[in-house]
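> My questions all concern the structure below.
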Amino acid sequence: MIKIIVDCFGGDHSPEANIDGSLDALERFKDLYLILTGDENIIREKLCGREYDTARLSIVHAPDVIGCDEKPTDAIRLKKESSMIKAVRMLRDEDDIAGMVSVGSTGALVAAALTRVGLLEGVIRPAFCPLLPTMKGGIVGICDSGANVEVTSDYLKQFAIMASLYMENVYGIQKPRVALLNVGVEPGKGDTIRQEAYEILSELPCINFVGNMESRDLLSGLYDAVVCDGFSGNVLVKTTEGTAVELLKKVKAAIFSRTIYKIGALFQKKMFADLKSFMNYQNYGGSVLLGTRKVVVKGHGSSKAVAVQKCIEQAYRMVESSLSAKIEEALDKFDHFE
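Here our numbering = 1-based position in the sequence shown + 6.
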């Protein structure tokens, strides 16, 4: 049985989305056991009348909630009975709990994971790795997307190793194509850190490094994982997601601008529905925090039930594939390459 904790509060649609997503995950994975943290009275009220396997779900009372505007260090220190901190503490202390999912404060989650859960042997810094769809029907992971605003070439080397193993073991991509986010595709492009990282990644035998990537090619389908600092990665992901959302709004506005366009759209209703689903980030889960001693998945603050279910699935797959052990093994074997 794989045990995962779900922090049921802190998101825009919590706790309904967290609970609905959890029940969907329980239905899908028969060897999954979920622990829901949060205000027990509210959770039980939301579960009332729902059908689920009660033998595979339990609730841990945690009445406090960490807001996204709270200082992470203060939240960790002062809100020990919050749904997030209680989940992190259980993750640290109980050996049979393999991972956790939260859609709450990113800063508090990262800080708590670092100080309470700790890092895998050999990991310098953890990194967020969200997923986006590509034009060829696949997915691409972006590592890092916000955990490390400033990086070194050694950070980027480890991000590449962890992201490559993640895409291969969790999503079954053989020899994932790893690229370095840069201002040009030529080997000499970028600042000193990017140039150093390029040289290191080019000689690293455990990854399939395919060179630099410009941001415009993120969704091209030519790459399976992109390595970058957290500042650039965060901007890259949010710009791409925002562009997709605004483009859909523009298409919708254009359709409703003329009657003949509306009539034409009726014949393409299925196509537009598929396009909307393809561009909806809710369908791709959250950002896994690679490098922590136990599995941590951070969902978007606006996650709905389907996104929460996908986050739980990500955590489940990471545990099932023994990803953490494989990361430790790879770093021990290849991290000495300069």
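Positions of the beta carbon are idealized from the N, C-alpha and C atoms, including for glycine. Remember, predicted model here, so these are calculated numbers, not experimental data.
(1) Residue 104 and residue 325 - do their beta-carbons sit closer together than 7 angstroms?
(2) Starting from residue 322 and walking both ways along the alpha helix (DSSP H), at which residues does that stretch end?
(3) Does DSSP put residue 262 in a helix, a strand or coil?
(4) Residues in its own chain within less than 6 angstroms of residue 250 by CB, not counting five upstream and five downstream?
(5) Say the cut is 6 angstroms; is the CB of residue 78 nearer than that to a heavy atom of the ligand FMN?
(6) Using a Cβ-Cβ cut-off of 7 angstroms (strictly less than) and excluding sequence neighbours within five positions of residue 196, which residues of its own chain qualify?
(7) Is the distance from the Cβ of residue 302 to the Cβ of residue 23 below 7 angstroms?
(8) Return the CA-CA distance between residue 124 and residue 329, expressed in angstroms with no decimal places.
(9) Which stretch, first to last residue, makes up the beta strand (DSSP E) that contains residue 304?
(10) Apart from the five residues just before and just after residue 221, which ones in its own chain have a Cβ nearer than 6 angstroms to its Cβ?
(11) If residue 111 and residue 78 are in contact, beta carbons under 8 angstroms, what's the gap, nearest whole angstrom?
(12) Inspect the CB distances between the segment 202 to 217 and the segment 251 to 259 and report whether three or more fall short of 8 angstroms.
(13) What's the call for residue 306, buried or exposed, on a 16-neighbour Cβ count within 10 Å?
(14) Give every residue of the same chain whose Cβ lies closer than 7 angstroms to the Cβ of residue 21, excluding the five residues on either side of it in the sequence, and list them in chain order.
(15) Residues in the same chain with beta-carbon distance under 6 angstroms from residue 291, minus the five sequence neighbours each way, listed in chain order, please.
(16) Since residue 82 contacts residue 117 with CB under 8 angstroms, what's their CB separation in whole angstroms?
(17) Apart from the five residues on each side of it in sequence, which residues of its chain come closer than 6 angstroms, Cβ to Cβ, to residue 340?
(18) Roughly how far, in whole angstroms, is the beta-carbon of residue 182 from the beta-carbon of residue 297, given that I think they are within contact range, below 8 angstroms?
(19) Whether or not the segment 265 to 272 and the segment 165 to 176 are in contact is what I'm after, with contact meaning three or more pairs of Cβ atoms, one per stretch, closer than 8 angstroms; do they touch?
(20) Going by DSSP, name the residue or residues bridged to residue 215.
(21) Mind checking whether residue 217 and residue 140 have CB atoms under 7 angstroms apart?
(22) At which residues does the alpha helix (DSSP H) containing residue 99 begin and terminate?
(23) With distances taken between CB atoms, is the gap from residue 147 to residue 135 smaller than 7 angstroms?
(24) In its own chain, which residues sit with a C-beta less than 8 angstroms from the C-beta of residue 214, not counting the 5 before and 5 after it?
(25) Would you mind sorting residue 262 into buried or exposed? The rule is 16 or more other CB atoms within 10 Å of its CB.
(26) How would you label residue 31, buried or exposed, when you count the other beta carbons within 10 angstroms and need 16 or more for buried?
(27) With DSSP run on the structure shown, which of helix, strand or coil describes residue 44?
(28) Can you pull the DSSP bridge partners for residue 133?
(29) When the Cα of residue 245 is compared with those of 230, 231, 233 and 224, which residue comes out closest?
(30) Work out the CA separation of residue 130 and residue 167 for me, nearest whole Å.
(31) Since residue 235 contacts residue 107 with CB under 8 angstroms, what's their CB separation in whole angstroms?
(32) For residue 11 versus residue 41, is the C-beta spacing smaller than 7 angstroms?
(33) Starting from residue 160 and walking both ways along the alpha helix (DSSP H), at which residues does that stretch end?
(34) So who's on the other strand from residue 9, going by DSSP bridges?
(35) Kindly indicate the opening and closing residues of the beta strand (DSSP E) around residue 25.
The relevant details are as follows:
(1) Indexing the sequence shown from 1 puts residue 325 at position 319. Indexing the sequence shown from 1 puts residue 104 at position 98. Their beta carbons are under 7 angstroms apart, which means residue 325 touches residue 104 by this criterion.
(2) In the sequence shown, the residue the question calls residue 322 occupies position 316. Residue 322 -> alpha helix (DSSP H) spans 311 to 326.
(3) Taking the first residue of the sequence shown as position 1, residue 262 is located at position 256. Residue state, collapsed to three classes: coil.
(4) Numbered from 1 along the sequence shown, position 244 holds the residue referred to as residue 250. Answer for residue 250: 285, listed in chain order.
(5) In the structure shown, the ligand FMN is absent, as is every other ligand, since no ligand is present at all.
(6) On the sequence shown, position 190 is the one that residue 196 refers to. Closer than 7 angstroms at Cβ, skipping near neighbours: 188 and 189.
(7) Stepping through the sequence shown from its first residue, residue 302 is reached at position 296. Stepping through the sequence shown from its first residue, residue 23 is reached at position 17. Result no, Cβ atoms of residue 302 and residue 23 do not sit closer than 7 angstroms.
(8) Here the question's residue 124 lines up with position 118 in the sequence shown. Here the question's residue 329 lines up with position 323 in the sequence shown. In a straight line, the C-alpha of residue 124 is about 16 angstroms away from that of residue 329.
(9) By 1-based counting over the sequence shown, the position of residue 304 is 298. Residue 304 -> beta strand (DSSP E) spans 301 to 304.
(10) In the sequence shown, counting from the first residue as 1, residue 221 sits at position 215. 242.
(11) Taking the sequence shown and counting its residues from 1, one reaches residue 111 at position 105. Taking the sequence shown and counting its residues from 1, one reaches residue 78 at position 72. Sure, about 7 angstroms apart at Cβ, within 8 angstroms.
(12) no
(13) Residue 306 sits at position 300 when you count from the first residue of the sequence shown. With 16 or more other Cβ atoms from the protein chains shown falling within 10 Å of its own Cβ, residue 306 counts as buried.
(14) Indexing the sequence shown from 1 puts residue 21 at position 15. Result list for residue 21: 14, 15, 44, 48, 49 and 52, in chain order.
(15) Sequence index remark: in the sequence shown, residue 291 carries index 285 (1-based). Cβ neighbours of residue 291 beyond the five flanking positions: 316, 317 and 320.
(16) Taking the first residue of the sequence shown as position 1, residue 82 is located at position 76. Taking the first residue of the sequence shown as position 1, residue 117 is located at position 111. The pair is a contact, with the Cβ atoms about 6 angstroms apart (cut-off 8 angstroms).
(17) Taking the sequence shown and counting its residues from 1, the one referred to as residue 340 is at position 334. The answer, listed in chain order, is 212.
(18) Along the sequence shown, read from residue 1 onward, the residue named residue 182 stands at position 176. Along the sequence shown, read from residue 1 onward, the residue named residue 297 stands at position 291. The pair is not a contact, with the Cβ atoms about 17 angstroms apart (cut-off 8 angstroms).
(19) no
(20) The residue labelled residue 215 in the question sits at position 209 within the sequence shown. Residue 215 pairs with 184.
(21) Walking along the sequence shown from the start, residue 217 turns up at place 211. Walking along the sequence shown from the start, residue 140 turns up at place 134. It is not a contact, given that the beta carbons lie outside the stated cut-off.
(22) Taking the sequence shown and counting its residues from 1, one reaches residue 99 at position 93. Unbroken alpha helix (DSSP H) run through residue 99: 89 to 99.
(23) Taking the first residue of the sequence shown as 1, we reach residue 147 at position 141. Taking the first residue of the sequence shown as 1, we reach residue 135 at position 129. Yes, the Cβ-Cβ distance between residue 147 and residue 135 is below 7 angstroms.
(24) Your numbering for residue 214 matches position 208 in the sequence shown. For residue 214, where only same-chain residues beyond five positions count, the Cβ hits under 8 angstroms are 170, 181, 182, 183 and 184.
(25) One-based indexing of the sequence shown puts residue 262 at position 256. Exposed, since its Cβ has fewer than 16 Cβ neighbours within 10 Å.
(26) The count along the sequence shown starts at 1 and reaches residue 31 at position 25. So residue 31 ends up on the buried side.
(27) In the sequence shown, residue 44 corresponds to position 38, counting from 1. In this structure, residue 44 counts as strand in the three-state DSSP scheme.
(28) To locate residue 133, count along the sequence shown from 1; it is residue 127. According to DSSP, which records beta bridges pairwise, residue 133 is partnered with 296.
(29) The residue you call residue 245 lines up with position 239 of the sequence shown. Taking only the C-alpha atoms, the option nearest residue 245 is 224.
(30) Here residue 167 refers to the residue found at position 161 of the sequence shown. Here residue 130 refers to the residue found at position 124 of the sequence shown. Cα-Cα distance, rounded: 12 angstroms.
(31) Along the sequence shown, read from residue 1 onward, the residue named residue 235 stands at position 229. Along the sequence shown, read from residue 1 onward, the residue named residue 107 stands at position 101. With a Cβ gap of about 25 angstroms, residue 235 and residue 107 do not count as contacting.
(32) For the purposes of this step, residue 11 is taken as the residue at position 5 of the sequence shown. For the purposes of this step, residue 41 is taken as the residue at position 35 of the sequence shown. Yes, the Cβ-Cβ distance between residue 11 and residue 41 is below 7 angstroms.
(33) Residue 160 sits at position 154 when you count from the first residue of the sequence shown. Start and end: 159 to 177.
(34) For the purposes of this step, residue 9 is taken as the residue at position 3 of the sequence shown. In DSSP, residue 9 forms a bridge with 39 and 103.
(35) Here residue 25 is taken as the residue at index 19 of the sequence shown, counted from 1. Per DSSP, residue 25 belongs to no beta strand (DSSP E); it is in the alpha helix (DSSP H), 22 to 34.
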